[in-house]
Amino acid sequence: MTMTFAAALGVGAVLVACGAFTAAWRREPVAALAALPMLAAGAAVCMAGVSRFSAGAADPQTGEELAALAAVVGLAAAILGRAMTGRRAER
Amino acid sequence: MDVVLTIVFFLCAILAVAGAVGAALGPAAQWRLLGLLVLALGTAGVLASLSAGFAALVALVCLGASAVLLGSMDAAAPARGGRRAAGDPVATPGGGRAALSAQLGAVASAVLLVLLLVVALGSTFARGSHDGSAFDAVGLGRVFFGRDALALEAVGATLTAALAVGALARSRRS
């Protein structure tokens, strides 16, 4: 078993599918928000795999950059989701 | 070195997937919080084994903060009268329709997983290699603040707006 691009994409795919499953399966909105870190983690793993195994000569670090940005966007979405869910629970 | 990195990659991948599954199916809020923390740790390990050390550090901080944020709120939700999980045996008003939609969503996510795995395993991609160091902060800094400064500013603005909305909602609650 070797570390390949397909393995990295497979791990990312499983994490993204877990996020989609969480968003669909969890009925209460607070627990469904746990899908956001999973989706961000899946995207970050795929992007890091691109940078490691399939980077072009002109921009070898774009994948790492997008991985870091995906994690930050996931955090921002979690903060927004928590704020909106808290307001909805008040009503 | 490659063998060690491969072992670390697969161990952290198993950790990340186990954390995601635990967060998705955990019966209690504490289990879901633990699952999200394990997911953050495993994802950071996977990124580090892919020679993306800086991205691993950012992912560990951001995903860990998300886990604490969502997990603490999830633990406090039942006290505020939050609804029950889909797997819980107690029926809720309109529960049959909600359960059907949850099952349809689960099937759709399984189809999505199969589709993504077929694309990942069956496609051919361009080959390239990353020759930089494992923690390539200098190169990433040049990319962040040079070529893609606009993208960094957009993400920073998004995070700032989210923090402002979160602070506003928190101040209104208290």
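Chains as they are written, first to last, in my numbering: chain X, 1 to 91; chain E, 1001 to 1174.
Here a beta-carbon is modelled for each residue, glycine too, at the ideal position from N, C-alpha and C.
- Contact annotation, MET84/X with ALA70/X: C-beta distance approximately 21 Å; criterion of less than 8 Å not satisfied.
- Under the three-state reduction of DSSP, LEU1070/E is assigned to helix.
- Residues of the same chain with a CB within less than 7 Å of the CB of VAL45/X, apart from the 5 flanking positions on each side, are ALA8, VAL11, GLY12 and LEU15 in chain order.
- For GLY1139/E, the neighbours in chain X by C-beta distance under 9 Å run, in chain order, PRO60, GLN61 and GLU64.
- In this structure, PHE5/X lies near PHE1125/E, with their beta-carbon atoms less than 8 Å apart.
- Look at ASP1148/E here: in three-state DSSP terms it is coil, with no helix or strand label.
- Positions of the alpha helix (DSSP H) runs, each at least 4 residues long and wholly inside the region 12-76 of chain X, are given as 29-32 and 35-53 in order along the chain.
- Around the beta carbon of MET3/X, 16 or more other beta carbons lie within 10 angstroms, which makes this residue buried.
- Annotated as proximal: ALA1048/E and ALA1056/E, with beta-carbon spacing under 8 Å.
- Counting C-beta pairs closer than 8 Å gives three or more between the region 1105-1123 of chain E and the region 21-28 of chain X, which meets the contact rule.
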